[in-house]
Every structure is written in structure tokens, then in C-alpha cells.
Amino acid sequence: MPKTVLDAGQSRRKTKVRSQKVTLEAGALQAAIFNSANFSSIATDAKGVIQIFNVGAERMLGYAAAEVMNKITPADISDPLEVVERAKALSTELGTDITPGFEALVFKASRGIEDIYELTYIRKDGSRFPAVVSVTALRDEVNTIIGYLLIGTDNTARKQAEEALRRAGALQSAIFNSANFSSIATDAKGVIQIFNVGAERMLGYAAAEVMN
């Protein structure tokens, strides 16, 4: 057999092996995300009715899969006011009327636009938590949409950190601008760079007299 034919055969086999490896790795990653308790993976049919509700969704939202599958859409476990606001915002952004409800959650994905957004989910017990949701349209071999996949993560910790920073900043600002506290900041050599109103009141200097 000519060497060129052998080389071509070996090249095809190597390509096939690489393709299989990539497919296996992608499948393993997909399975890891889908089966993780740290991600809520919710798959729907084309109309939005939930077909798959993974262990992460059960843990985050408090529903057993059997309680929601073939019964409700993701819009039913989302803050209704936020869904309405999202529909309005998207209608303005995209120049088309978008109905509040499931359509508002997947409209961009249905048009092939990457969509990641923040949304408040409502648990079975009525409590709420902020989530970051990534939406993907699921298509068949002729590119017809057959459903949607919504992968969500609990955003509570980041929101709490942001609120703590905001409060710390507000407290720092209140202290710095208070006449009851002297706040003096220096450079590395000890030369005064900031001298607040409290320092002026307590020490009798104007800031301009001591800074730099």
C-alpha cells in the first residue's frame, strides 16, 4: 500500500481519536455541571415547561424534581416583578414586544444571543435568593429549538460582600466627614495629606496649614 494512503489513514484515525477525546471531555464537564449540587440545571421543552430539574436545583429551590417537572416553567419560580421589568427592558433594547413570563427569560437565547443575567429565584418555602443565570437554546439536527437549558448559581455570597463593602464605605465616609473624629492621613514619609473637619475643629488648624 502506498505510503501516502497509509499516512492519510493514520491522520484520519488520529483526528477521530482527538475528536472522541474532546467529546468525552466535553461530556464529562457537562455531566459534572449537571450533576453538581452547586449549579441549578433546569431544562425545558420549547414551550418552557420544565423537563429536567437537577440535584442543584432541588437543593437551591427546595422542590423535588417531581414537583415541578411537566408542571411549571422557570418563570413560575422567578420574581414576577423582575420578570416584568426584564420584558420591558428587552422590548426597549431589541425593539420588539416581549411578553412577561418565560419568553422574557429566554428571548435572547432563542435569537442566538449569549445571555447571562441576574434574577431572584423564589424557593418552595417562599424565601428568595439572587441567582446568576446562563441560558442556552437547545436545538435539533435541523437547528429547530426543542428546549432551553438554564444554569444558575447562588449569588448570595457576592451580594452580601457587596453590601458589606457599601456599608463599610458609608461608615468610613461618615467618620471621615464627622466633626467628632479627627481623621489624619499621611504619605509614607509621614507628611500630612488629609486633615478632616474633625481634625480642624479639635486642633485649630485649617487643613491648608498642615497638608504637605
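Sequence positions in the sequence shown follow the working numbering and run -3 to 208. Backbone N, C-alpha and C fix where the C-beta goes; we use that ideal spot for every residue, glycine too.
Reducing DSSP to helix, strand and coil, say where residue 95 ends up. Numbered from 1 along the sequence shown, position 99 holds the residue referred to as residue 95. Three-state DSSP puts residue 95 in coil, outside helix and strand.
Return the first residue and the last residue of the beta strand (DSSP E) that residue 128 is part of. To locate residue 128, count along the sequence shown from 1; it is residue 132. 124 to 135 is the span of the beta strand (DSSP E), which, as asked, contains residue 128.
When burial is assigned at 16 or more other CB atoms within 10 Å of the CB, is residue 100 buried or exposed? Translated into the one-based positions of the sequence shown, residue 100 becomes position 104. The residue in question, residue 100, is buried, as its Cβ has 16 or more Cβ neighbours within 10 Å.
Which of the three DSSP states, helix, strand or coil, is assigned to residue 142? Taking the sequence shown and counting its residues from 1, the one referred to as residue 142 is at position 146. Three-state result, residue 142: strand.
Starting from residue 183, follow its DSSP beta bridges and name the residues at the other end. For the purposes of this step, residue 183 is identified with residue 187 of the sequence shown, where counting begins at 1. Its beta-bridge partners do not exist; DSSP assigns none.
Is it buried or exposed for residue 70, if we count other Cβ within 10 angstroms and need 16 for buried? The count along the sequence shown starts at 1 and reaches residue 70 at position 74. Flag for residue 70 reads buried.
For residue 194, which option in 204, 177, 200 and 184 has the closest C-alpha, if you only look at C-alpha atoms? As a position in the sequence shown, residue 194 is number 198, starting the count at 1. Nearest C-alpha to residue 194: 177.
How far does the alpha helix (DSSP H) with residue 88 in it reach, from first residue to last? In the sequence shown, the residue the question calls residue 88 occupies position 92. Looking at the DSSP string, the run of the alpha helix (DSSP H) that includes residue 88 is 76 to 90.
Assuming the contact rule is C-beta atoms closer than 8 Å, residue 116 and residue 183 should be a hit. Round their C-beta distance to whole Å, please. Counting from one through the sequence shown, the residue named residue 116 turns up at place 120. Counting from one through the sequence shown, the residue named residue 183 turns up at place 187. Actually they do not touch by this definition, with Cβ atoms about 45 Å apart.
Answer with buried or exposed for residue 18, where buried requires no fewer than 16 other C-beta atoms within 10 angstroms of its C-beta. Taking the sequence shown and counting its residues from 1, one reaches residue 18 at position 22. Legend: pLDDT at residue 18 = 41, less than 50; position of this residue unreliable, no value from coordinates given.
So is residue 102 buried or exposed if we call it buried at 16+ other beta carbons inside 10 Å? Locating residue 102 in the sequence shown gives position 106, counting from the first residue. It is buried - the Cβ of residue 102 has at least 16 other Cβ atoms within 10 Å.
Reduced DSSP secondary structure (H/G/I, E/B, other) of residue 178: In the sequence shown, the residue the question calls residue 178 occupies position 182. Correct three-state label for residue 178: coil.
So is residue 92 buried or exposed if we call it buried at 16+ other beta carbons inside 10 Å? For this step, residue 92 is matched to residue 96 along the sequence shown. Exposed is the call here.
Take the Cβ of residue 122 as the centre, count every other Cβ of all protein chains shown within 10 Å, and call the residue buried at 16 or more, exposed below. Counted from its first residue, the sequence shown places residue 122 at position 126. Under this definition residue 122 is an exposed residue.
Exposed or buried, what is residue 192 when buried is set at 16 or more other beta-carbons lying within 10 Å of its beta-carbon? Your numbering for residue 192 matches position 196 in the sequence shown. So residue 192 counts as buried.
Could you please give me the residues that DSSP links to residue 110 through a beta bridge? Looking up residue 110 in the sequence shown gives position 114. According to DSSP, residue 110 bridges with nothing at all.
I need the DSSP call for residue 148, collapsed to helix, strand or coil. Taking the first residue of the sequence shown as position 1, residue 148 is located at position 152. The answer is strand: DSSP assigns residue 148 an E or B state.
DSSP three-state call for residue 35: helix, strand or coil? Start at 1 with the first residue of the sequence shown, and residue 35 comes out as number 39. Residue 35 falls in the coil class under three-state DSSP.
Where residue 2 falls: helix, strand or coil (DSSP): The residue given as residue 2 occupies position 6 in the sequence shown. Low per-residue confidence applies at residue 2: pLDDT is 47, beneath 50, and the placement is therefore not dependable, though the value from the model is reported in the following sentence. Helix at residue 2.
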